[in-house]
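If you read the sequence shown in numbering that gives the first Met the number 0, its first letter stands for residue 0, the second for the next number, and so on. The beta carbon of each residue, even a glycine, is placed where N, CA and C say it ideally should be. Structure record follows, encoded as structure tokens.
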Amino acid sequence: MKKLIAAALLAAFPALAQEPLAVREIGSLHIGGRIATIEGLETREIVFSPGAPPMRLNPNGQFRVEQMYAQYVRLQNPRARYPLLLWHGGGLTGVTFETTPDGRPGWQMFFLRQGHDVFTSDAMERGRSGWARFPEILPGEPVFRTMGEGWGLFRVGPQEGWNANPAQRRAFDNTRFPVPAWDQFMAQAVPRWATTDRQIQAAYDAYVQAACPCVIVVHSQGGNFAFNAALTAPDKVRAIIAIEPSGAPPATADAARVRGIPHLVVWGDHIEGNAFWRGVRTNVTRWQEQIRAAGGVAETLDLPASGIAGSSHMMMMDTNSDEVAARIQAWIQSKGLMR
């Protein structure tokens with residue numbers, strides 16, 4: 000009976016069959032930021048917990064703001080030459096890389112098993128990095144993603160295929176996103192700002208100084224921050240793997256500064272039918288061409304062209320996420336970044 004139970008567990012949870020990781024340290028840090036002062040706001044009475052007496056809240060004073068958070072897992076015997084930093088996209092946090100919405104180990108665990116020390120971060124104003132008051136400190140107001148916006152934007156299905164009723168949603172026939180887990184995925188969504196790129200970039204630049212030399216795997220909105228971080232500190236970044244980056248430095252940027260940093264850009268499926276992503280890809284391709292013209296390496300992994308169909312924008316959550324990660328790991332190995 001015990002053997003039957005063990006076999007059933009291994010079938011349901013394949014990760015249990017793998018050797019345990021030898022982890023040296025798990026920790027975290029907050030990086031960057033500044034102290035801001037707020038003055039002139041009115042005090043008010045507030046009850047912090049039911050049954051507690053009311054208190055006068057004074058919202059004025061000094062506040063630590065614009066920092067970012069990162070968690071690291073260091074292995075006992077890493078095989079990678081440098082730590083791997085996982086940077087998330089817009090309206091998301093480092094949870095993107097931790098566990099897939101349908102419960103499988105995410106890329107954090109995949110790359111740990113490949114022998115990388117892995118850092119997983121939350122950008123400034125997201126997750127454990129924390130908000131600041133707006134508009135007094137953060138300019139503008141937060142933007143909230145509806146449950147249906149990402150259906151088309153992340154290319155799980157056509158935008159018109161979104162429906163609040165899960166039974167009536169229409170995905171692409173070949174999508175690799177775990178469609179029944181869409182609502183669980185949306186539980187990860189957090190507010191974002193469209194007015195804080197300067198502050199986010201400053202925090203990422205400080206992060207690179209604190210955690211690197213390193214290899215960066217970056218997703219979506221984070222792409223432009225990684226490209227710019229490399230331009231600012233080319234001595235600190237050993238490689239960039241950009242998963243469908245949604246931005247790139249301007250044509251006036253000096254690509255010669257990063258010619259010693261190999262770049263890989265990874266694209267999923269159904270881009271040609273999406274005007275937004277066609278435009279994004281054109282801009283990123285222009286930046287890759289600038290890097291190559293400066294004598295650098297800027298390669299592309301087009302998943303459909305390489306025989307992997309149906310990859311969504313959230314390919315680290317797709318049902319074949321490990322297959323895509325294995326392609327990335329092979330590229331990292333080919334660049335001499337493993338021992």
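Three-state secondary structure (DSSP) at residue i?
i	result
residue 81	coil
residue 34	strand
residue 43	strand
residue 54	strand
residue 104	strand
residue 231	helix
residue 195	coil
residue 256	helix
residue 98	strand
residue 155	coil
residue 19	coil
residue 322	helix
residue 140	coil
residue 189	coil
residue 328	helix
residue 204	helix
residue 89	coil
In angstroms, rounded to a whole number, what distance separates the CA positions of residue i and residue j?
i	j	result
residue 123	residue 142	14 Å
residue 78	residue 337	6 Å
residue 61	residue 33	10 Å
residue 181	residue 307	21 Å
residue 254	residue 247	11 Å
residue 51	residue 45	10 Å
residue 294	residue 278	25 Å
residue 100	residue 134	33 Å
residue 328	residue 263	11 Å
residue 200	residue 228	7 Å
residue 249	residue 256	14 Å
residue 281	residue 59	47 Å
residue 291	residue 266	19 Å
residue 243	residue 276	9 Å
residue 116	residue 193	32 Å
residue 303	residue 311	11 Å
residue 72	residue 24	6 Å
residue 76	residue 113	11 Å
residue 175	residue 40	50 Å
residue 48	residue 238	49 Å
residue 161	residue 169	6 Å
residue 251	residue 232	18 Å
residue 121	residue 190	12 Å
residue 285	residue 330	22 Å
From the DSSP output, read off the bridge partner residues of residue i.
i	result
residue 29	68
residue 60	37
residue 118	71 and 84
residue 241	217 and 264
residue 337	79
residue 148	Residue 148 pairs with nothing; no bridge assigned.
residue 236	213
residue 24	73
Whose CA, out of the options, lies closest to the CA of residue i?
i	options	result
residue 145	36, 55 and 187	187
residue 105	334, 330, 329 and 315	315
residue 43	53, 201 and 332	53
residue 271	285, 301 and 239	301
residue 152	234, 219 and 332	219
residue 173	318, 309 and 21	309
residue 196	222, 183, 210 and 251	222
residue 107	163, 241, 232 and 85	85
residue 111	22, 176, 333 and 225	22
residue 269	156, 102 and 28	156
residue 74	118, 98 and 36	118
residue 148	206, 184, 29 and 55	184
residue 67	131, 38 and 109	131
Measure from the C-beta of residue i to each C-beta in chain C and report whether the shortest distance is under 7 Å.
i	result
residue 152	The structure shown contains no chain C, having only a single protein chain.
Under 6 Å: does the beta carbon of residue i sit that close to some heavy atom of the ligand MG?
i	result
residue 264	No copy of the ligand MG appears in this structure; indeed no ligand is present at all.
List in chain order: all unbroken beta strand (DSSP E) runs of 3+ residues lying wholly within the stretch 266-305.
297-301
Whole alpha helix (DSSP H) runs in the stretch 155-180 with 4 or more residues, listed along the chain?
none
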